[in-house]
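Asks: In case it helps, my numbering puts the sequence shown at residues 359 to 618. All C-beta atoms, glycine included, are put in the ideal place defined by N, C-alpha and C. Everything numeric in this text was worked out from a predicted model, so none of it was measured.
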Amino acid sequence: MTVELEVASHVVPAKSIEDIAKEATPRIAILGVGGGGSNMVTWMDKKVIGARTVALNSDAQHLTTSKAGSRVLLGYKLCGGLGCGGFPEQGAKAAEESAQEIEQAIGEANLVFVASALGGGTGTGAAPVVAKIAREMGALTIGVVTIPFNVEGTRLTKAKQGLASLVDLCDSVVVIDNNELRTIAGKLPIREAFAVANARVTDFINNITETLSVPGIMNLDFADIKAIMMGGGICAIGFGEGHGGTKVEDAVNRALDNQL
């Protein structure tokens, strides 16, 4: 089947439904900002369908370990590739210095996930700048961030400040609280507990990207995602499974009881 558009008595060359569908497929980018964010997109390598991954960091050495599809060194003139020393103000300036490279990394994406572990310098300071650039470029911008444990006093204070900035600059922000992670992950060693968080973040993003990119039974399109996420504020991830005749209700209830 083809579609023809008539404009001022001229017929525009026909396009097939397949061509139109291809053009309408959302262009998705996942930007991991800072050390924790870079770790997230490394974890996502080859696990997320239909999206590009980009690692952005001011620490050149850490950036060499990333398996993201592309990498951006932030603020080379300011930081010299040595990181931000835990200062969010430096992270923000590093991102501002590299605004052009960030724009190039976003490219034509119209759905951007900004992933970061808040509490440090680069992630906390640069993530809001990255989100601002993405949104100004017209992309639906969703933050996906982790919050430190309550015992991490200074890092927690920085994280809360960074989160407040992100909420103002993103369409929605999904927050993973490490304190809730401890409850869900039980007595797992901290490294394995973080792996659980990375897996949950990956599942969340992949569920969206795969649904948008691969035709299937569930009819969820980009307009639906925009309607749900625009102006959504702070969100949480919940996971649940159900079986038998009440599987839907059971899955929903367990998801509400198992939020990160």
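So ARG535 is in the beta strand (DSSP E); what residue range does that whole segment cover?
Replies: Residue 535 sits at position 177 when you count from the first residue of the sequence shown. Before going further, note that residue 535 is Asp rather than Arg in the sequence given. It spans 530-535 - the beta strand (DSSP E) in which ASP535 sits, taken as one unbroken run.
Asks: Under a three-way DSSP split, which group does ASN471 fall into?
Replies: Here residue 471 corresponds to residue number 113 of the sequence shown, with the count starting at 1. What sits at residue 471 in the sequence shown is Phe, not Asn. Residue state, collapsed to three classes: strand.
Asks: Going straight from the alpha carbon of GLU494 to that of GLU538, what length do you get?
Replies: Here residue 494 corresponds to residue number 136 of the sequence shown, with the count starting at 1. Here residue 538 corresponds to residue number 180 of the sequence shown, with the count starting at 1. Straight-line measurement puts the Cα of GLU538 at about 33 Å from the Cα of GLU494.
Asks: Is LYS451 buried or exposed, if buried means 16 or more other CB atoms sit within 10 Å of its CB?
Replies: Translated into the one-based positions of the sequence shown, residue 451 becomes position 93. Looking at its Cβ environment, which holds 16 or more other Cβ atoms inside 10 Å, LYS451 is buried.
Asks: Is DSSP giving ASP417 helix, strand or coil here?
Replies: Stepping through the sequence shown from its first residue, residue 417 is reached at position 59. Strand, per DSSP.
Asks: Measuring CB to CB, does ILE534 end up less than 9 Å from ALA555?
Replies: Locating residue 534 in the sequence shown gives position 176, counting from the first residue. Locating residue 555 in the sequence shown gives position 197, counting from the first residue. Yes; because the gap between Cβ atoms is below 9 Å, this pair is in contact.
Asks: Apart from the five residues on each side of it in sequence, which residues of its chain come closer than 8 Å, Cβ to Cβ, to VAL365?
Replies: Start at 1 with the first residue of the sequence shown, and residue 365 comes out as number 7. In this prediction, VAL365 has a pLDDT of 49, which is less than 50 and means its spatial position is unreliable; nothing more can be read from the coordinates.
Asks: Looking at the unbroken alpha helix (DSSP H) that takes in ALA453, where does it start and where does it end?
Replies: In the sequence shown, the residue the question calls residue 453 occupies position 95. Here the alpha helix (DSSP H) through ALA453 covers 446-455.
Asks: Kindly indicate which three-state DSSP category SER428 falls into: helix, strand or coil?
Replies: Sequence index remark: in the sequence shown, residue 428 carries index 70 (1-based). In the structure shown, SER428 sits in a strand (DSSP, three-state: E or B).
Asks: LEU389 and ALA457 look like a contact to me (Cβ under 8 Å); what is the Cβ gap, rounded to whole Å?
Replies: Locating residue 389 in the sequence shown gives position 31, where the first residue counts as 1. Locating residue 457 in the sequence shown gives position 99, where the first residue counts as 1. At roughly 13 Å, the Cβ-Cβ gap does not stay under 8 Å, so LEU389 and ALA457 are not in contact.
Asks: So the alpha helix (DSSP H) ILE491 belongs to, where does it begin and stop?
Replies: Within the sequence shown, residue 491 is the residue found at index 133, counting from 1. First-last of the alpha helix (DSSP H) with ILE491: 480-494.
Asks: Return the chain-ordered list of same chain residues with a C-beta closer than 8 Å to the C-beta of LEU514, the five sequence neighbours on each side being excluded.
Replies: Sequence index remark: in the sequence shown, residue 514 carries index 156 (1-based). Taken in chain order, the residues that qualify are GLY477, ILE505, PRO506, PHE507 and ASN508.
Asks: Thinking C-alpha only, which one of PRO446, LEU570, GLY427 and TRP401 is nearest ARG549?
Replies: Position 191 of the sequence shown, counted from the first residue, corresponds to residue 549. Answer by Cα proximity: TRP401.
Asks: Between the Cα of GLY392 and those of ALA453, GLU599 and LEU469, spot the shortest distance and give me the residue it belongs to.
Replies: As a first step, residue 392 is located in the sequence shown; it is residue number 34 there, counting from the start. Per the Cα distances, ALA453.
Asks: ALA492 and ALA467 - do their beta-carbons sit closer together than 9 Å?
Replies: Locating residue 467 in the sequence shown gives position 109, where the first residue counts as 1. Locating residue 492 in the sequence shown gives position 134, where the first residue counts as 1. Yes, they are a contact pair.
Asks: Using DSSP with H/G/I as helix, E/B as strand and the rest coil, what is THR422?
Replies: For the purposes of this step, residue 422 is taken as the residue at position 64 of the sequence shown. Coil, per DSSP.
Asks: Name the residue from THR480, PRO384 and ASN536 whose alpha carbon lies nearest to the alpha carbon of THR499.
Replies: By 1-based counting over the sequence shown, the position of residue 499 is 141. Among THR480, PRO384 and ASN536, the Cα nearest to that of THR499 is on PRO384.
Asks: Could you please give the first and the last residue of the uninterrupted beta strand (DSSP E) stretch that includes ALA387?
Replies: Indexing the sequence shown from 1 puts residue 387 at position 29. Note, ALA387: beta strand (DSSP E), 386-391.
Asks: Quick check on the burial criterion: 16 or more other C-beta atoms within 10 angstroms. Buried or exposed for LYS490?
Replies: The count along the sequence shown starts at 1 and reaches residue 490 at position 132. Its Cβ being crowded by 16 or more others within 10 Å, LYS490 is buried.
Asks: Can you tell me which of the three DSSP states GLY501 falls into?
Replies: Position 143 of the sequence shown holds residue 501. The answer is strand: DSSP assigns GLY501 an E or B state.
Asks: By DSSP, does GLY477 sit in helix, in strand, or in coil?
Replies: Walking along the sequence shown from the start, residue 477 turns up at place 119. Residue state, collapsed to three classes: coil.
Asks: Which residue from SER416, LYS425, ASP417 and SER396 puts its Cα closest to that of LYS404?
Replies: The residue given as residue 404 occupies position 46 in the sequence shown. Among SER416, LYS425, ASP417 and SER396, the Cα nearest to that of LYS404 belongs to LYS425.
Asks: Counting only the same chain and skipping the five closest in sequence on each side, list residues whose C-beta sits under 6 Å from that of MET588.
Replies: The sequence position of residue 588 within the sequence shown is 230, counting from 1. The answer, listed in chain order, is ASP529.
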